[in-house]
Each structure stands twice: as structure tokens, then as C-alpha cells.
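Trainee:
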Amino acid sequence: MNILVTGANGQLGNELKYLSQNFSTHQFFFTTSSNLDITNFASVENFFATNNIELCINTAAYTAVDKAEGEKEKAFLINSFAVENLAKVCAANRAKLIHISTDFVFDGTLARPLLESDSTNPINVYGASKLEGEKLALQQLPSSIIIRTSWVYSSFGNNFVKTILRLCNDKPQLNIIFDQIGTPTHARDLAAAIFHMANNDKFLAEKGIFNFSNEGVCSWYDFAIAIRDMANLSTPIFPIETHQYPTPAARPKFSVLNKSLFKQTFQYEIPYWRNSLQHCVLELN
Ligand SMILES: NC(=O)c1ccc[n+]([C@@H]2O[C@H](COP(=O)([O-])OP(=O)(O)OC[C@H]3O[C@@H](n4cnc5c(N)ncnc54)[C@H](OP(=O)(O)O)[C@@H]3O)[C@@H](O)[C@H]2O)c1
């Protein structure tokens with residue numbers, strides 16, 4: 057297959073690039089915002105035609121959750137209308153689309169692991185723009201596969217793991233929110249799951265929304281403690297409530313995803329979050 061991966065400078069894009077070395081039968085095209093701006097319909101159209109793209113994995117996104125509150129138009133341009141562009145062009149070229157979405161499409165009020173079919177109700181601009189992107193992708197190309205994921209980190213890019221490691225070295229103590237519950241996702245595990253899925257016999261017949269994160273559950277506080285301990289640091293970390301750390305964008309209080317559909321459909325075992333975190337922290341050290 058000829059596979060286009062957008063957002064190749066990002067966390068997931070980099071992990072897909074790293075793992076793509078194991079799939080030499082496919083031809084990969086890794087693009088960034090400078091050589092393929094997904095908001096530019098003509099560029100996307102031209103890229104597909106020139107390179108005979110059969111599968112597009114869209115990891116490109118506007119991911120600055122707090123900044124999005126003041127940049128609504130930009131967030132919707134990249135997270136919604138550019139996704140519509142990709143889906144339209146995929147449809148015209150009979151290509152498959154894998155698009156990445158987020159747990160932030162939920163409001164976080166349901167206190168049990170969320171199913172793909174649960175009602176969405178984003179509580180910030182980023183979540184609303186990602187939800188619109190999902191809808192537009194499925195509208196333009198009903199065979200699209202949407203993967204909702206959460207709390208993504210990697211040794212590439214900026215993320216919570218790197219921030220905590222830096223702050224543990226720079227600050228005498230940290231205060232971290234304990235009343236937002238979810239599951240971290242090592243971008244490498246998500247990349248591996250995407251390749252597993254794309255190489256599965258069922259892949260072309262499957263469509264719609266699938267949840268994916270690592271296994272297990274934690275708060276940001278638990279996550280921070282695990283990062284600190286795995287890096288053999290000893291900075292004191294204290295639990296605080298969400299209202300003690302106000303941010304421009306509201307976040308869901310509970311966004312644990314139920315991954316049964318992905319696991320059963322593609323016969324896949326997902327790593328536990330602590331084991332994956334250990335790998336990432338070792339790599340960073
Ligand atoms: N990070 C999380 O915690 C999290 C949680 C849930 C879901 N997700 C979703 O998972 C996916 C991957 O996230 P990530 O953490 O890997 O994101 P990331 O590290 O922020 O990377 C996103 C990439 O998108 C690219 N991009 C932005 N605008 C573009 C445009 N107009 N055309 C082409 N590329 C553009 C950026 O490229 P340049 O740098 O070249 O501008 C950036 O490298 C996204 O869909 C995100 O919404 C992320």
C-alpha cells in the first residue's frame with residue numbers, strides 16, 4: 057500500500073515513522089505542515105494524485121487545548137475542515153482514512169469507562185473541533201476509521217511526561233491535579249496498534265469509531281508520581297483539585313475509554329500504562 061501519514065513532526069507521527077521500518081512492503085509518505093498543509097484542499101488533492109495514496113493516517117491536528125479557547129477558527133480549520141478535505145480526497149481516490157480523535161469529545165460526567173456509542177458533549181473548543189472533524193470524516197467517507205485516544209505522550213514532542221521530568225529537576229515541589237481521571241497512552245503503543253489494524257484481514261471492511269488508550273486507570277497525580285519514581289527522582293508531589301489550577305479550557309473529570317471493541321475486532325492485547333511509561337522514561341533517560 058501507498059500510505060500517507062500527516063503530522064509527521066508530532067508525537068504520533070514520529071512514532072509511526074519509527075515503527076514503519078518494520079513494514080518494508082508498504083511505501084510511506086510522511087508529511088509535515090510545511091510540505092503538506094492539510095487545510096489546503098488543492099495541495100491534498102494533488103498529493104494524492106501524484107503519489108497514488110491508498111491509505112491516509114491523519115495524525116495532524118491543532119492540539120493546544122488551552123490556546124484553542126482563543127483561536128476557535130484555527131482549531132476548527134485544522135481539526136474539522138481539513139479533516140473534511142482529507143475525507144473528500146480519500147473518497148475521490150478510493151483510499152481508506154484513519155483519523156485520530158480524542159477523549160475530549162466527552163464531558164466527563166459518566167463515571168464508567170466510555171463506549172464509542174456514548175453521547176458526546178465537548179466542554180472546550182478543542183473537543184468541539186475534534187468532534188466536528190469526526191462527523192465530517194464519517195459524512196464524506198463512511199468507511200473512515202476514527203480512533204479516539206487520551207493523554208498521549210512519547211519521547212518525541214512536548215507532553216506531560218517530559219514536563220514532569222523537567223519540573224522535578226527544576227522545582228522544590230509540585231502540585232498536580234488528582235480529580236481528573238483517565239488513561240495515559242504511549243504514542244508508540246497507539247502507532248503499533250494502528251499498524252496491527254491496517255495489516256489485519258478485517259481492516260478494509262471495518263469502519264466507524266474505535267477507542268484506544270493503554271490499559272488501566274489513573275489521575276494526573278498518580279501519573280506524575282509514577283513518572284517521578286520511574287526516573288528515580290524524589291521531588292515531593294502533592295495532590296490538588298482542578299479548581300486550584302484554573303486553565304482557560306475546562307477538562308473532563310473522567311475520560312477512561314473502554315477499548316473492548318478495538319481488542320475484540322482486531323484481536324489485540326493492549327499494554328498496561330505503567331509498563332509502557334517505564335519504556336518511555338528509560339528511553340528518555
Ligand atoms: N496529545 C494528546 O494528549 C492527545 C490526546 C488525545 C488525542 N490526541 C490526538 O492524537 C493525534 C496526534 O496527537 P499528537 O500528540 O501526536 O499531536 P502533536 O504532537 O501536537 O502533532 C500534531 C502535528 O500536526 C501538525 N499540523 C498542525 N496543523 C497542520 C496542518 N495545517 N497541516 C499539516 N499538519 C499540521 C503539526 O505539524 P507542525 O509542527 O509541522 O506544524 C504537528 O506536528 C491528534 O489528532 C490529537 O488530536 C492527542
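The working numbering puts the sequence shown at residues 57 to 341.
Even for Gly, the Cβ is constructed at its ideal location relative to N, Cα and C.
Since the model is a prediction, treat every value here as computed from it, not as a measurement.
1) Do Asn114 and Leu133 have their beta-carbon atoms positioned less than 8 Å apart in this structure?
2) With the cut-off set at 8 Å, would you say Trp276 and Gln236 are in Cβ contact?
3) In terms of alpha-carbon separation, which member of Ile220, Asn149, Ser290 and Ile250 lies closest to Ile201?
4) Put Glu110 into one of helix, strand or coil per three-state DSSP.
5) Let's see if you can read the secondary structure: which residues bound the alpha helix (DSSP H) around Arg222?
6) Do you know offhand how far Ile233's Cα is from Asn270's?
7) Check the DSSP bridge columns for Leu142 and list the partner residues they point to.
8) How would you call Gly126, buried or exposed, if buried means at least 16 neighbouring beta carbons within 10 angstroms?
9) Shorter than 7 Å, the distance from the beta carbon of Tyr118 to the closest heavy atom of ligand 2, or not?
10) Which residue or residues does DSSP assign as beta-bridge partners of Lys152?
11) Apart from the five residues just before and just after Glu110, which ones in its own chain have a Cβ nearer than 6 Å to its Cβ?
12) In terms of DSSP beta bridges, what is Leu338 paired with?
13) Excluding the 5 residues flanking Ala280 on each side, which residues of the same chain have their C-beta closer than 6 Å to its C-beta?
14) Return helix, strand or coil for Asn231, following the three-state DSSP convention.
15) Taking Cβ to Cβ, would you say Gly183 is nearer than 8 Å to Ser206?
16) Given this structure, state the Cα-to-Cα distance separating Lys144 from Ile203, to the nearest angstrom.
17) Given this structure, state the Cα-to-Cα distance separating Asp278 from Asp226, to the nearest angstrom.
18) Assuming Phe84 and Val61 are in contact, meaning their beta carbons sit under 8 Å apart, how far apart are those beta carbons, in whole angstroms?
19) Within 10 Å of its beta-carbon, does Lys128 have 16 or more other beta-carbons around it, so buried, or fewer, so exposed?
20) Over the uninterrupted alpha helix (DSSP H) stretch that includes Ile134, give me the two end residues.
21) Rounded to whole angstroms, what is the Cα-Cα separation between Phe266 and Lys315?
22) Residues in the same chain with beta-carbon distance under 6 Å from Leu340, minus the five sequence neighbours each way, listed in chain order, please.
23) Looking only at its own chain, which residues have a Cβ that is under 8 Å from the Cβ of Asn70, when we skip the five neighbours before and after it?
24) Could you tell me the alpha carbon to alpha carbon distance between Tyr74 and Thr87, rounded to whole angstroms?
25) Out of Ala148, Ala247 and Gly164, which one is the CA nearest neighbour of Pro198?
26) Ignoring anything shorter than 4 residues or poking outside the segment 61-86, list the alpha helix (DSSP H) runs there in chain order.
Mentor: According to the structure data:
1) Stepping through the sequence shown from its first residue, residue 133 is reached at position 77. Stepping through the sequence shown from its first residue, residue 114 is reached at position 58. It is not a contact, given that the beta carbons lie outside the stated cut-off.
2) The count along the sequence shown starts at 1 and reaches residue 276 at position 220. The count along the sequence shown starts at 1 and reaches residue 236 at position 180. Yes, the Cβ-Cβ distance between Trp276 and Gln236 is below 8 Å.
3) Within the sequence shown, the letter at position 145 stands for residue 201. A check of alpha carbon separations from Ile201 across Ile220, Asn149, Ser290 and Ile250 identifies Ile250 as the nearest.
4) For the purposes of this step, residue 110 is identified with residue 54 of the sequence shown, where counting begins at 1. Coil at Glu110, not helix or strand.
5) In the sequence shown, the residue the question calls residue 222 occupies position 166. Here the alpha helix (DSSP H) through Arg222 covers Phe216 to Asp226.
6) Residue numbering aside, residue 233 sits at position 177 when the sequence shown is read from its first letter. Residue numbering aside, residue 270 sits at position 214 when the sequence shown is read from its first letter. Taking the straight line from one Cα to the other gives about 20 Å.
7) Against the sequence shown, residue 142 aligns to sequence position 86. In DSSP, Leu142 forms no bridge with anything.
8) Translated into positions along the sequence shown, residue 126 becomes position 70. Flag for Gly126 reads exposed.
9) Because ligand 2 does not appear in the structure shown, any question about it cannot be addressed here, the ligands present being ligand 1.
10) Counting from one through the sequence shown, the residue named residue 152 turns up at place 96. According to DSSP, which records beta bridges pairwise, Lys152 is partnered with Leu111.
11) Here residue 110 refers to the residue found at position 54 of the sequence shown. Only residues of its own chain outside the window of five on either side were considered, and among them Met57, Asn58 and Ala151 have a CB closer than 6 Å to the CB of Glu110, listed in chain order.
12) Counting from one through the sequence shown, the residue named residue 338 turns up at place 282. Answer is none; Leu338 lacks a bridge partner.
13) The residue given as residue 280 occupies position 224 in the sequence shown. Result list for Ala280: Ile220, Ile232 and Ile293, in chain order.
14) The residue given as residue 231 occupies position 175 in the sequence shown. If DSSP states are grouped into helix, strand and coil, Asn231 belongs with the strands.
15) Position 127 of the sequence shown, counted from the first residue, corresponds to residue 183. Position 150 of the sequence shown, counted from the first residue, corresponds to residue 206. No; because the gap between Cβ atoms is not below 8 Å, this pair is not in contact.
16) Sequence index remark: in the sequence shown, residue 144 carries index 88 (1-based). Sequence index remark: in the sequence shown, residue 203 carries index 147 (1-based). The straight-line gap separating the alpha-carbon atoms of Lys144 and Ile203 is approximately 18 Å.
17) Position 222 of the sequence shown, counting from 1, holds the residue named residue 278. Position 170 of the sequence shown, counting from 1, holds the residue named residue 226. In this structure, the alpha-carbon of Asp278 lies about 20 Å from that of Asp226.
18) As a first step, residue 84 is located in the sequence shown; it is residue number 28 there, counting from the start. As a first step, residue 61 is located in the sequence shown; it is residue number 5 there, counting from the start. Confirmed, Cβ separation roughly 6 Å.
19) Stepping through the sequence shown from its first residue, residue 128 is reached at position 72. With fewer than 16 Cβ atoms within 10 Å of its Cβ, Lys128 is classed as exposed.
20) If you number the sequence shown from 1, residue 134 lands on position 78. Where Ile134 is concerned, there is no enclosing alpha helix (DSSP H), given that its DSSP letter is neither H nor E.
21) In the sequence shown, the residue the question calls residue 266 occupies position 210. In the sequence shown, the residue the question calls residue 315 occupies position 259. Going by the C-alpha atoms only, they are around 7 Å apart.
22) The count along the sequence shown starts at 1 and reaches residue 340 at position 284. Sequence-distant partners of Leu340 (beyond 5 residues in either direction) whose C-beta falls short of 6 Å from its own C-beta, in its chain, are Ser211.
23) Residue numbering aside, residue 70 sits at position 14 when the sequence shown is read from its first letter. Ala64, Ser210, Phe212, Gly213 and Ala243.
24) Here the question's residue 74 lines up with position 18 in the sequence shown. Here the question's residue 87 lines up with position 31 in the sequence shown. Between the alpha carbons of Tyr74 and Thr87 lies a distance of about 14 Å.
25) Numbered from its first residue, the sequence shown carries residue 198 at position 142. Ranking the options by Cα distance to Pro198, first place goes to Ala148.
26) Within the segment 61-86, the complete alpha helix (DSSP H) runs of at least 4 residues are 67-76.
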